[in-house]
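Trainee: This is the structure I want to talk about, given as structure tokens.
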Amino acid sequence: MPAAIETRDLTRRFKRQLAVDAVSMTVPDQAVYGFLGRNGAGKTTTLKMLLGLIRPSGGSALVGGVDVARDRIGAAREVGALLEAHGFYGNLSGRENLDLTRSLLGLPKSEIDRVLEVVEMREHARRRVSDYSLGMRQRLGLARAMLGAPPVLVLDEPTNGLDPDGIADMRRFLRALPERTGATVLLSSHLLGEIEQTATHIGILSQGKLVLEGELRRLKADLAPEIALQTDDATRATALARARGFDVLAMDNGLVARLKPGEDARTASASLNRALIEADIAVFAIGARSRSLEGIYREVSPPSPVTPAKPQPEFA
Amino acid sequence: MTASPPKTPLLAPLFVEARKLNRSLAVVLAVAAPALIAIFAFFMVLRGREAMPWEMWMMNAAGIWAFFMLPMSVTALTALVAHMEHGPKSWDHLRALPLPRWRIYAAKAVCVLALVALMSAAVLFMSWGAVTLAAAIKPQLEPTGVFELARHAGLFGKIFLAALLMIAIQLWVALRYASFVPALAVGIGGTFFSVVATSAKQGVFFPWQMPVNMLATEAWRYQTALGLGLGLGAVVMAAALVHLSRREVL
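Sequences listed follow chains F and B, in order. According to the working numbering, the residues represented by the first sequence are 12 to 327, in order. According to the working numbering, the residues represented by the second sequence are 472 to 721, in order.
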């Protein structure tokens, strides 16, 4: 089965800045592909090239097997997109907004009810979009992206600005999407937790380069496990663990000590626990676990000292 | 892979553009600008001391329209129509759709031209209505002579055609820049120079003064202005469509 999205050495340069650097990514059919990276890593530029919105400086991009540069319209027929800016007309209702895109795509009217049903927005569809909450706009954006049942959905930060309930709804919805519609989802985000719970595959972009790609389950399994720990003195605990040969990373909720290849996780965890207690460091929690996405991400995508600014037109 | 959606019907972008105007400020402007001229004509008639010919009232309305209200309305209208996409940042969505981009921009241009044509007709008929109403209130001021619809409609039609170059320039700038500022600066600047250089012979070559030249008595003036406004207007509009559909929106 051909890949839903495939790029080969996809490159984009803005004057002197290399925004996307020879990215070769493969999004398998019916995958939920988490496209990760810091702000300014080149995610949106890559997505814009996939959608034919900007031209690559080099390389190629195929969507549904169609070369975007050679046949933009053919490639666009394969994809529906939810972009960061929704682009809805506030003076019109949700249904009217969908109907504009439906008309442009030459689809039957019944398509509107179908997609509204999928995103559970039928009862709000007659309200003006200017009265919608952000979560409702996101859902309406998803509905619009699904008009005509395109085989590929490109979603740029779909959980941006949503409240926790909205994020949970979106997560549930995205996870079910391939099974429900048969679509492949390319999901751009910088929320690692969301991607970890939603994606089947990931690609990590760092400073314009694709530094890691693969099936999430397999990536986690292939990497050595780690010990997650929470103590009352992270600085001393880090020094102690490093002195014992562990590679230590600070995470949002504590420390992570990487095991050496072949090392037994339970034995190493017990040994580190004993050492911490002997050093009079209080241990609140400790345990071995398989690699978290955050750990993988931090390892392959170290923070850059300066985040490159997005190029802006003269009168943005 | 699922089946691809059907191709977009040829006129779909045009109907879509027309529907976007629903409840929009552009429509409010399209009604308000001609109405202001009519209100002005209404009170001018009521203030009169003696009956004046229809010809004078209609030339007054055409003068205000061509000289000032048309360039200012085109400035505001093109900015509002463009801002319908710039405001919610819908260009990315529109430009990612599987249809030729020039058709999106052409539909916008046709919509703007249709609105300006309707506004021109509205100035003609609202002015006629306002003068008629004022004369009904003060019958002694009933305009003399005959209201020659075909002649006045012809004049407003020529004003509209001569304005094509100005409309094309304003629309190009308004669609090109997301900010209102460049479009307003061009429009206000153009109108300003058109007003201060009213009597200049070179005015006939100035896009914002071409519509006013339809009121000129010398044949060469209105013929030149009409030819240039219409001809160059078509060329500039075509160039705008090519440029806008090819450029990248970052």
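Note that beta-carbon positions come from the ideal geometry of N, C-alpha and C, so glycine has one too.
Taking a cut of 7 Å between CB atoms, which residues from the region 490-511 of chain B lie near chain F?
Mentor: So the list reads Arg490, Lys491, Asn493, Arg494, Ser495, given in the order they occur along the chain.
Trainee: Is the number of C-beta pairs between the region 231-249 of chain F and the region 300-315 of chain F that are closer than 8 Å three or more?
Mentor: Because the criterion of three Cβ pairs below 8 Å is met, the region 231-249 of chain F and the region 300-315 of chain F touch.
Trainee: Mind the definition here: the region 524-538 of chain B touches the region 683-693 of chain B only if three or more C-beta pairs lie below 8 Å; say whether that holds.
Mentor: With the cut-off at 8 Å, the region 524-538 of chain B and the region 683-693 of chain B touch.
Trainee: Between the alpha carbons of asparagine 171 of chain F and glycine 152 of chain F, how many angstroms are there, rounded?
Mentor: Using only the alpha carbons, I get a separation of about 12 Å.
Trainee: What is the DSSP secondary structure of tyrosine 693 of chain B, counted as helix, strand or coil?
Mentor: Correct three-state label for tyrosine 693 of chain B: helix.
Trainee: Go ahead and label threonine 473 of chain B buried or exposed: buried means 16 or more other beta carbons lie within 10 angstroms of its beta carbon, across all protein chains shown.
Mentor: Here threonine 473 of chain B scores only 45 on pLDDT, less than 50, and its place in the model should not be relied on; the value that follows carries that caveat. By the neighbour-count rule (16 or more Cβ atoms within 10 Å), threonine 473 of chain B is not buried but exposed.
Trainee: Would you mind reading off the limits of the beta strand (DSSP E) that contains glutamine 241 of chain F?
Mentor: Where glutamine 241 of chain F is concerned, the enclosing beta strand (DSSP E) stretches over 237-242.
Trainee: Closest to glycine 273 of chain F by C-alpha separation, out of F:Arg253, F:Pro161, F:Val259, F:Asp233, would be which residue?
Mentor: The option with the nearest alpha carbon to glycine 273 of chain F is F:Asp233.
Trainee: Along chain B, in chain order, which residues have C-beta atoms closer than 8 Å to that of leucine 64 of chain F?
Mentor: Going along chain B in sequence order, the residues near leucine 64 of chain F (Cβ under 8 Å) are Asp563, Arg566, Ala567, Glu719, Val720.
Trainee: Evaluate the contact criterion for the region 206-213 of chain F versus the region 17-32 of chain F: three or more CB pairs, one atom per stretch, below 8 Å.
Mentor: With a cut-off of 8 Å, the region 17-32 of chain F and the region 206-213 of chain F do not count as touching, because too few Cβ pairs lie within range.
Trainee: Mind checking which residues open and close the alpha helix (DSSP H) that includes methionine 540 of chain B?
Mentor: No alpha helix (DSSP H) holds methionine 540 of chain B; DSSP gives it neither H nor E.
Trainee: CB-CB under 6 Å to threonine 112 of chain F, same chain, minus the five flanking residues each way: which ones, in chain order?
Mentor: So the qualifying residues of the chain are Arg155, Leu158.
Trainee: The alpha helix (DSSP H) spanning tyrosine 431 of chain B covers which residue range?
Mentor: Any property of residue 431 of chain B remains undetermined from this structure, which presents chain B solely from 472 to 721.
Trainee: Listing by chain order, which chain F residues have their CB less than 9 Å from the CB of lysine 808 of chain B?
Mentor: Chain B is shown from 472 up to 721; residue 808 of chain B falls before or after that span and cannot be answered.
Trainee: Drop a sphere of 10 angstroms on the beta-carbon of valine 617 of chain B, count the other beta-carbons inside from all chains shown, and report buried for 16 or more, exposed for fewer.
Mentor: Answer is exposed; the Cβ neighbour count stays below 16.
Trainee: Quick one: does asparagine 102 of chain F have its CB under 7 Å from some CB of chain A?
Mentor: Absent from the structure is chain A; the protein chains it does hold are F and B.
Trainee: Please state whether DSSP places leucine 94 of chain F in a helix, a strand or coil.
Mentor: It is coil, neither helix nor strand.
Trainee: Just checking my contact of lysine 560 of chain B with leucine 646 of chain B at CB under 8 Å: how many whole Å lie between their CB atoms?
Mentor: The Cβ separation is near 14 Å, so there is no contact.
Trainee: By the criterion of Cβ-Cβ separation under 9 Å, what are the contact partners of arginine 182 of chain F in chain B?
Mentor: Near arginine 182 of chain F there are no residues of chain B at all, since even the closest Cβ is about 24 Å away, more than 9 Å.
Trainee: Quick one: Cα of leucine 128 of chain F to Cα of proline 569 of chain B, how far?
Mentor: The sequence shown places glutamate at residue 128 of chain F, rather than the leucine named in the question. Cα-Cα distance, rounded: 24 Å.
Trainee: Report the three-state DSSP secondary structure of glutamine 673 of chain B (helix, strand or coil).
Mentor: Residue state, collapsed to three classes: helix.
Trainee: Below 8 Å between beta carbons is the criterion; list the residues of the region 568-594 of chain B that meet it against any residue of chain F, in chain order.
Mentor: Listed by position along the chain: Leu568, Pro569, Leu570, Pro571.
Trainee: Taking the C-alpha atoms as reference points, what is the distance between leucine 221 of chain F and methionine 36 of chain F?
Mentor: Distance between the alpha carbons of leucine 221 of chain F and methionine 36 of chain F: 8 Å.
Trainee: Following a CB-centred definition, is alanine 160 of chain F positioned closer than 6 Å to any heavy atom of the ligand NAP?
Mentor: In terms of ligand content, the structure shown is empty, and the ligand NAP therefore cannot be addressed.
Trainee: Could you tell me which uninterrupted alpha helix (DSSP H) segments, each at least 4 residues in length, are contained entirely in the region 235-294 of chain F, listed from first to last along the chain?
Mentor: With a minimum length of 4 residues, the continuous alpha helix (DSSP H) runs that stay inside the region 235-294 of chain F are 245-254, 276-289.
Trainee: Let me know if asparagine 493 of chain B comes out buried or exposed under the rule of 16 or more other beta-carbons within 10 Å of its beta-carbon.
Mentor: Exposed: under 16 other Cβ atoms inside 10 Å.
Trainee: Buried or exposed: histidine 714 of chain B, going by 16 or more other Cβ atoms within 10 Å of its Cβ?
Mentor: Looking at its Cβ environment, which holds fewer than 16 other Cβ atoms inside 10 Å, histidine 714 of chain B is exposed.
Trainee: Taking 7 Å as the cut-off, decide whether the C-beta atoms of histidine 564 of chain B and alanine 649 of chain B are in contact.
Mentor: Not in contact: histidine 564 of chain B and alanine 649 of chain B (Cβ atoms no closer than 7 Å).
Trainee: Starting from methionine 515 of chain B, find everything on chain F with Cβ-Cβ shorter than 9 Å and list it in chain order.
Mentor: By Cβ distance, chain F contributes nothing, its closest Cβ being about 35 Å from methionine 515 of chain B, past 9 Å.
Trainee: Quick one, which of F:Ala92, F:Leu266, F:Ile215, F:Gly204 has its alpha-carbon nearest arginine 150 of chain F's?
Mentor: Ranking the options by Cα distance to arginine 150 of chain F, first place goes to F:Ala92.
Trainee: I'd like to know whether the C-beta atoms of leucine 61 of chain F and valine 74 of chain F end up nearer to each other than 7 Å.
Mentor: Taking 7 Å as the Cβ cut-off, leucine 61 of chain F and valine 74 of chain F qualify as a contacting pair.
Trainee: Roughly how many whole angstroms lie between the Cα atoms of aspartate 32 of chain F and leucine 47 of chain F?
Mentor: Taking the straight line joining both Cα atoms gives about 15 Å.
Trainee: Can the beta-carbon of alanine 779 of chain B be found less than 7 Å from the beta-carbon of valine 594 of chain B?
Mentor: No answer is possible for residue 779 of chain B: it lies beyond the span of chain B, which begins at 472 and ends at 721.
Trainee: Looking at isoleucine 213 of chain F and leucine 227 of chain F, is the spacing between their C-beta atoms short of 7 Å?
Mentor: Yes, the Cβ-Cβ distance between leucine 227 of chain F and isoleucine 213 of chain F is below 7 Å.
Trainee: For arginine 269 of chain F and isoleucine 297 of chain F, I'd like the C-alpha separation in whole angstroms.
Mentor: Taking the straight line joining both Cα atoms gives about 13 Å.
Trainee: Return the residue from the list F:Ser141, F:His135, F:Arg191, F:Gln218 that minimises the CA-CA distance to glycine 53 of chain F.
Mentor: Ranking F:Ser141, F:His135, F:Arg191, F:Gln218 by Cα distance to glycine 53 of chain F puts F:Gln218 first.
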